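Remarks on the structure that follows.
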Amino acid sequence: MQIDYTSQAQYFWVMLPEIVLSVFAMIILLVDVFQRGDREEPSSPMIPVLTVVGLVAAAIANWWLLGLHETGTAGMMALDSYRVFSNFLFLAAGAFFVMISNRYIDEEHLRLGELYVLVLFSIVGMMVFAGSRDLMVIFIGLELMSVPVYVLTGINRRSMQSAEGALKYFLLGAFSSAFFLFGIALIYGGAGTTNLALIAGAIDTGTTTAGRLIPVGIAFLAVGFGFKVAAVPFHMWTPDAYEGAPIPVTAFMATAVKAAGFAAFLRVFLTGFGGMYGTWDTIAIVLAIMTMVGANLTALVEGNVKRMLAFSSIAHAGYLLVALAAGNTLGAAAFLFYLVVYTLMTVGSFAVVMVVAGRGERRLDLGSYSGLAWQHPFLGVVMTVFLLSLAGFPLTGGFIGKVFILRAALDRGLVLLSVALVLASLLSYYYYLRVAWYMWFREPEVDGRTPLTLTPALKWALVLATAGIVALGVLPGILLDAAQDGATGLMQESATTVSR
Amino acid sequence: MHGFEPTLLWAIAVLPLLGFLINGIAAYRSPTAKIIPTIVGPGVVALAFIIALINFLGMRGAELHEPIIQTYWQWMPVGSLSINAAFQLDQLSILMVLIITGIGSLIHLFSVGYMQEDPGYARYFAYLNLFVFFMLILVLGSSYPLMFVGWEGVGLCSYLLIGFWFKDKEKADAGKKAFIVNRIGDFGFLVAMFMVFSRIGALDFATVFAAAPTAFVYGGAVVTAITLFFFLGAAGKSAQIPLYIWLPDAMAGPTPVSALIHAATMVTAGVYLVARSSVLFALSPTTMIVVAGIGALTALFAATIGLVQNDIKKVLAYSTVSQLGYMFIGVGVGSYTAGVFHLMTHAFFKALLFMGAGAVIHSMHHAYHATRSHADAQDMRNMGGLKKHMKITWITMWIATLAISGVWPFAGFFSKDEIIWQAASRAVGPFAPWFRVYWVMALIAAMLTAFYMTRLMIMTFHGENRTGAKEREHLHEAPLVMTVPLMVLAFLSVVGGWINVPHAIKSLPVLGWIPSSEWLHEWLHPVTGGADEILTSNVGAVSEVGPFGGHEGFWALASFAIATLVIVATAVILKKRAYAAAEKSPEPRGFAKVLYNKWYVDEIYDAAIVRPLMGLSRGLWRVVDQGLIDGAVNGVGYASRAFGWVGSRMQTGQLNTYAFAVAFGVLLLLAVVLI
Amino acid sequence: MPVNLDTIRGLDNAQLSLALSAVLFAIGVAGVIFRRNAIILFMCIELMLNAVNLAFVALSQYVGIGGQVFVFFVMTVAAAEAAVGLALVISIFRHMESVDMKNFNLLRW
Amino acid sequence: MNEFIANFPMAQLLWWVFASMAVGGGMGMVTRKNPVASLLFLVLTFFSIAAIYILLGAHFIGAIQVIVYAGAIMVLFLFTIMLLNLGHDYKSDIRGGLWVIVAFVFAGTIGFSIWYATSDKTTIVQMDGAARIQSSVADLNAVGAIAQPLFRDFAVPFELTSILLLIAIIGAVLLAKRRV
Amino acid sequence: MNGVSVLDSIGYSSWVLTFLIFFPAIAAVAVFSAPERLAKQIALWSAVIELLVSIPLWFVFSTATGAMQFTAGAAWIPQWGISYSVGIDGISMLLLLLTTFMAPITILGSFRYIEKKQKAFYAMLLLLQVGVLGVFCALDLFLFFMFWEVMLVPMYFIIGIWGGERRIYAAIKFFLYTASASLLMLVGIMYLYFKYHAVTGGLTFEYSDLLQVPLSNLEQYWLFGAFALAFAVKIPLFPFHTWLPDAHVEAPTPGSVVLAAVLLKMGAYGFLRFLLPLFPHAATHPTIVAVMLVLAVIGIIYAAWVAAVQPDAKKLVAYTSVAHMGFVVLGIFALTVQGIQGAMIVMLSHGLSTGAMFLLIGMLYERRHTRAIADFGGLAAVAPVFAAIFIFTALVSIGLPGTSGFIGEFLALLGTFQTHPYIAVVASTGVIFAAYYMLPMVQKIWFNKLDKPANETMPDLSRRELTVLVPLVVFMIWMGFYPKPFLDRAKVTVTELIDLVEERSAPVFGSLPNSTTAVSPLAVPTTTPPVTATPAEAH
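Quick look at the structure:
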């Protein structure tokens, strides 16, 4: 089906996934309201199911998008395999959230329909954020994604940490989005438009590159994105927010939100400013190095596993920034591939942390992992797989992903950056292995640890994540092509704009 | 070309190996097994001796000019290097084989009696057989590496046998010391082999010796280096200065072992090596001077120590070192026959001496054991007047003493005199100054030998007995199984010398009637001929007159006279002297003390080498390994953790800090894009 | 005494406004860095947003009406953020009886 | 004299007046200890900005600036302050002197770089927007001039903002309702 | 011959390597899913099957060619030109057989040592074997690196879970040390990959293809560094050896055995398989060669000295490993047939003797629960057989002629002497110091007075322990008296390797003058023509 943006109605088709998801969100809202009214009792167990249904429906719609073809590329919403790919990722992350959060939500008395509504809406925001082609819409998408997450972070109102984390996250988020917005303004001033395609065109025609507006604008945009993906030095909110937030939300933030931020980051910088790679490659490189090294070093001394994983997610942002710095199709493909692996292993590890932490998130220190693997082999094994994958060890997706990124970077000739990546991941070995050695090498603490039990959904989520990681490690071929398509879809765009 | 085929050559070596296995299994089943070892132990060696004898007789018939080489399998075929597991049968090796198996079987027999009560009886014979096996490999091996197998194999066996009574720390230490010191020599042997290979591209005797004269320039640096390294090996094995220190301690082993390994066979391997490589050694005058010099020095030096020792075996040990020195003078000055000759005769009388001493110790030990006394059974000060208790031992040992002192007509006279004379007569050309000195040293050493041997005899058998009143009646002659070997060896010590009577003897006034046959010389000619040619062609003919004039005969007579004189004198003097038993006798004083403590050489080595090395090792471990290297490794870890700590402290939890960081980042990025 | 009006007339409001927006933005940034009162911090951020709006409007003088449309959106976003942000402030105030950020450091290293 | 009044650069003069009021208000806002005081300063700033909007010919924006911002949003702030009863704790929340200095240095540098980026007029794309705005305002008045592009070109973001507001409502309710 | 035809009929040579690599993995799963008490049996028997399947290699292997044999391959990640491709030549064949041979022995030897968590342990052991065999067989550099890294994990757990007091420190040290070195190798591999891509436009990690990549001298130096570091740490070469003593001391007996017998060989194998052929110029650059040789010599002597003062028997043996592997490096960088052949034999011999040594010390530990040399003494009186085998093994490891140890060291030194006489002479002193560290330990454990009452009741070797040790002893003697079969199997491979290195590095060095080492009075060029051609002596 051909899409021609001259008529606004066409956007109905282009944004079908978003629309489906929003509709479901509102349905859930209504269901919840009518079922609960004003009484303080947990929502019905139907809500999560409904959410998953919504996600699946959106996924189907997303799949259907592949059939669409656009004329020209000036529309506000991109219509390419890249968007579809990333959409799937967000939806999957959402599904994982629902699967792992179930028991936790009961224990913390958080079973509220709004929670799921917010998750769905924030996924809508991500889709817009990563899928749009107009800076203004991207900004709104950013807010659309962030505001629900602010709320989710602070949703556990009994917990001081939760509120504090939320407030910090919110204030700094608004702060950075102000920069982001100013960046848009400057770009607007410099290029006379906020449509990435047109910007790229303007850059290619060389009318704007002379001025300083675009470079400064790029820098400000990078600040905004850097904040969302938690790149050093814009990362300082991350450990606090991650620690404060309820663990499932943390997992959601660490995977979906970060993924969306990166997806948009790449889209904007590769398609919009692809012509000015020379201007922003240094930004990417500097951020990448600072992020990889800084985060890994700090994680070395982190005794709180939740925080440790927060730093580790920052470090991984650094690796992804290397893919951005590569700035080529390979880089984009490596980025997409790594994003999938990253989502799997991060969700998985946070899920395990959630199980171990127990009611009220009391057991977050390394000590509570002593002998875990022998008490609960399943958890031990899957956690080990996640850790190995995070550390980038062969036979796990993490390794292939890192190699892919290395490949992209070396293809661009960034040898030193590659070496930095390697050394950084070497640092990371230490703290990942440390968890492993607590789990395997130590004797269990002899205290009344309530036997850890897993809900079926959670178990499945873990099995799924593990299987995915191993599969991607052993036979990455299954995903490589998809990633390659996504990347080419993205890059073709910037190419076609030139012809425009 | 030669009408002789060796019979069962392999069996000579394999039989003892078989014995080792059988005895080993016997020992494994029951350590105190008696019957099997008693039969197998001596049996296999005797069999080997018989086979060797057959071959020997066969060789006498055939006129052999080249060695017979029997290849069994390819051992190390690597690139241009090809080493076979092959035996080489020639005049020299068969001679050695005869000595080893012959004396070996005698000593095995002797051991049957000597080790009768020992709990490790079977193990003992297993070791002994293994030793014979390796010794045979050493002498039969057709290439240096194969020889090296035997070379280290015998070292191993001596290690095991010295430490046979391993419960006693001193004995175990002695074994260890022997092995390590020998290893120093082996290092030389290895390097020499490498050099030979890199020069000639082969390591088997035939090729090497054939190529040597052309491959090396006479007196060249390479051949000198090679031979010197070989000699280092020889010095280690044959206990020459500076590596002799292990041999005296080696007396810790059972006495028959001392007789077999540390007197008759193993220690002479060095001499064999030099004789075997005569072609190489002849090519390097420097080496010859060194070898002979070391020999002379050792002969003299060891003799001086032997003068004052009270432990009967110690005396014999130093005398062995001294006699080995003689042999090296012989092979050093280029008269390989003389060296081998003395090797043979020495094997006879020194084995005899040791076994005699063994017999004495045996009965002394019994005496003390019977009376629960803890006095030292080996200390001559506790002996004296034993001749009335053990006649055969007494007589046979006197024979040996006369032989070693070089009294005509005993074996030692011919061989030792030959060496002394050769030193004199070959002092020509470049050697002139050196060999004269060695000759003098040899003469002095000869006198000392005569002295300390007589002293030994007097202290042991003559004078009145100092063993102790109630011990006395327990003293008795050794059993037949031990005395028979004594008598056989005594016979050999008498006649052994007659196989190589120098022609010069004719010129003597009194002894002119003696049939002179330089049989050994001619027998070994196929082996040493090459060396002789090289020497004659490069150094010139040997001189007919010794220093200060005088022909060989004259000097022979002179040395005989001197030896006899010394013996008589010593006997007369010491007869009157009354010794005190060990615990009552005073500490030696003055120079005697220095000699008694062996010139403090062990102490010097300990202070100069052993302790520093240990200290250095400890230092390296603690400082370098754990300090520097590991420190660096761990340091990296600590450093990164420190950085991480700093990073984590930046997470102050204060929003302003975070906002500040963001602002900083903004400036950073602005700087990147604007500058 | 007459002022030299031409110098003033020579200046272009739009461009001046851009400079002004830079100044206001800077003030907002500074405030965020050194204030601790959550609400005031938030106000500073609002000020920054307004600075951006000003820039948009000023730029619309060159580019076109689009800039003013953006201002419209920004205001909406700001309103939404204000609602959520102030709710957060309230909820944390319930815990701490304070809005001074210096009291909120349970979460650190 | 009339000539003087006729071409008196009133616009510029007013701009300067309002600009200085805006800056002054801003400075007041960040420096006042009392939240209420700084809030009022901020309102002052917003008013001045609204005035500048009007000077720049963006009348509609100027209007909603007053109505939405200075009116609704700021009132919401004030309401919160009163609700939390922060009106009269004068305990200063301003960080130590060094912080202030560093803050202004940093912020100044950022501001300067923005000005530096925008200062060169020629690098800003010239689509003589002012004139086009003039004309569109002329044929469909101030509101229509905004409304047309808003509903034609920017329908998507417009719709999205509605979701955003919905989210904001949910969030606010969820976070701020009294019962936990 | 007949047996071969039978094997052909079942396509033996096409699946054998794949089977060998992955069968242990299956076995590991089986072990893991089996009940605890059956674990050791299953592990043992699967290892035996593995061995039986591998034995025919010895006979089917063709000694006529240096090319890869038993090759098998399949596309794995075609997008990146990564393929599963395996094959063996003389060098890898011997090491492979060593691995499969040691496996059952190790498992049987750990029957009594490992009490807790047996299932996990034997599973790990088998997984370890997967990694090791993979490394020896892989012909695709990516695959190689995969196995190379994967192998670390089981070892990490073996040390960390079943190790001694400081096991965690040792495990982490082992892991980080080795991993850090190999990560740089990964960058190096990727670089080669791109170089190949840049030159030919193709994408492949295939060993034979990457051999063709033309590299500038500078690139060779850098890549050589990246690879050499990984291998040097694994070997381990002084001064990268400090992880080894800790790992050995803390690891459980079977861990130490595998570590010494097989894992260390992987480094040397890397030298032979990758370093020399891929970067011939760098690998033959006189300075680099000199550095490697000097480090090797330092390793030999230094390790011997340090070993001599170790109070812990196991640590002592660990240091001796460093010394032995020094001989290996020496032989390899001598670049002569004798040298490399010697290195091969040293590897095999060290695998057997040090493996046996660790087993024996483990058996001592099982009896007395201590490894401190000072706690023993006079044991030969109570356990004569034990003593006999121990002493024999000790003698093998100090290179007593007539045993495998001698052949290796002799050839390695001989080969080195051809090209670097002075270094060889210094290295030869190692034979002295070998005695200097080994004999005192032997004496203090087995000889002297039996003064510790605890030792008086120490039992002699059990039948099981004998079955573990006797095969090792047999092989040590066999290789000592008749090493020809082993030498033959590596012969062609080694010669071709040397030719390859020489021809590929020759043009670079054709013009360079010969160095003093080449024309030293001790080694004379004329006798060893191939050697003089090697740039090793060029200055």
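Protein chains in written order, with our numbering: chain A, 669 to 1168; chain B, 16 to 690; chain C, 241 to 349; chain D, 93 to 272; chain E, -16 to 522. Each residue gets a CB set at the ideal place from its N, CA and C atoms; glycine is no exception. All values reported here derive from a predicted model rather than from experimental measurement.
Using beta carbons (cut-off 8 Å, strictly below), is residue 244 (chain D) in contact with chain C? No, its Cβ sits nowhere closer than 8 Å to a Cβ of chain C.
What is the residue span of the alpha helix (DSSP H) that residue 106 (chain B) lies within? Element bounds for residue 106 (chain B): 106 to 129.
Under a three-way DSSP split, which group does residue 102 (chain B) fall into? The answer is strand: DSSP assigns residue 102 (chain B) an E or B state.
Cross-chain neighbours of residue 849 (chain A) in chain C, by beta carbon under 8 Å: Result: 289, 292 and 314.
Buried or exposed for residue 251 (chain B), going by 16 or more other Cβ atoms inside 10 Å? Counting other Cβ atoms within 10 Å of its Cβ, residue 251 (chain B) reaches 16 or more and is therefore classed as buried.
Can a CB atom of chain E be found closer than 8 Å to the CB of residue 43 (chain B)? Judged by the 8 Å Cβ criterion, residue 43 (chain B) is in contact with chain E.
Chain B contact residues for residue 833 (chain A), given Cβ-Cβ distances below 7 Å: Correct list: empty, because the minimum Cβ distance to chain B is about 10 Å.
So the alpha helix (DSSP H) residue 134 (chain E) belongs to, where does it begin and stop? Neither: residue 134 (chain E) is in no alpha helix (DSSP H) and is coded neither H nor E.
What are the residues of the stretch 192 to 213 of chain D that lie near chain C, defined by any Cβ-Cβ distance shorter than 8 Å? In summary, the residues of the stretch 192 to 213 of chain D whose CB is separated from some CB of chain C by less than 8 Å are 192, 194, 195, 196, 198, 199, 200, 202, 203, 204, 206, 207, 210, 211 and 213, in the order they occur in the chain.
Who does residue 275 (chain C) pair with in a DSSP beta bridge? In the DSSP secondary-structure assignment, residue 275 (chain C) is bridged to D:186.
Determine, using beta carbons only, whether residue 299 (chain B) and residue 238 (chain B) come nearer to each other than 8 Å. Yes; because the gap between Cβ atoms is below 8 Å, this pair is in contact.
Where the stretch 622 to 642 of chain B meets chain C: residues whose CB sits under 7 Å from a CB there: From the stretch 622 to 642 of chain B, no residue has a Cβ closer than 7 Å to chain C.
In angstroms, rounded to a whole number, what distance separates the CA positions of residue 505 (chain E) and residue 318 (chain E)? Reliability of the predicted coordinates at residue 505 (chain E) is poor, the pLDDT of 43 falling under 50, and no value is obtained from them.
Just verifying my parser: in three-state terms, what is the DSSP assignment at residue 293 (chain E)? Coil at residue 293 (chain E), not helix or strand.
Does residue 169 (chain D) get closer than 8 Å to chain C when you measure Cβ to Cβ? Under the Cβ criterion of 8 Å, residue 169 (chain D) is counted among the residues facing chain C.
Starting from the C-beta of residue 125 (chain B), find all residues in its chain whose C-beta is less than 6 Å away, skip the five residues before and the five after it, and write them out in chain order. Excluding positions up to five away in sequence, the list reads 271, 370, 497 and 500.
Beta-carbon contacts of residue 437 (chain B) that lie in its chain and below 7 Å, excluding the five residues immediately before and after: Correct list, in chain order: 345, 348, 350 and 353.
Beta-carbon spacing of residue 102 (chain B), residue 25 (chain B) below 8 Å: Cβ distance < 8 Å, so residue 102 (chain B) and residue 25 (chain B) count as in contact.
Quick check on the DSSP output: what are the complete beta strand (DSSP E) runs of length 3 or more inside the stretch 55 to 120 of chain E, in order along the chain? Scanning the stretch 55 to 120 of chain E for uninterrupted beta strand (DSSP E) segments of 3 residues or longer gives 65 to 71, listed from N- to C-terminal end.
Cutting at 7 Å between CB atoms, please list the residues of its own chain near residue 5 (chain B), excluding the five before and the five after it. In this structure chain B extends from 16 to 690, so residue 5 (chain B) is not present and cannot be described.
Pair every Cβ in the stretch 173 to 188 of chain B with every Cβ in the stretch 82 to 94 of chain B, then say whether three or more of these pairs are closer than 8 Å. No, because fewer than three Cβ pairs between the stretch 173 to 188 of chain B and the stretch 82 to 94 of chain B fall closer than 8 Å, the two stretches do not touch.
Going along the chain, which residues of its own chain have a beta-carbon closer than 8 Å to the beta-carbon of residue 282 (chain B), five neighbours each way excluded? The answer, listed in chain order, is 252, 253, 254, 262, 276, 335 and 339.
Residue 96 (chain B) - partner residues in DSSP beta bridges: Residue 96 (chain B) is bridged to B:93.
Extent of the continuous alpha helix (DSSP H) run through residue 1097 (chain A): Counting along the chain, residue 1097 (chain A) sits inside the alpha helix (DSSP H) bounded by residues 1083 to 1109.
According to DSSP, what are the bridge partners of residue 745 (chain A)? Residue 745 (chain A) is bridged to A:800.
Answer yes or no: does any C-beta atom of chain B fall closer than 8 Å to that of residue 124 (chain D)? Closer than 8 Å: no.
The stretch 147 to 173 of chain D: positions lying closer than 7 Å to chain A by Cβ: If the cut-off is 7 Å between Cβ atoms, the stretch 147 to 173 of chain D has nothing near chain A.
Give the DSSP bridge partners of residue 8 (chain B), in chain order. What the structure shows of chain B is the stretch from 16 to 690, and residue 8 (chain B) is not part of that stretch, so it cannot be assessed.
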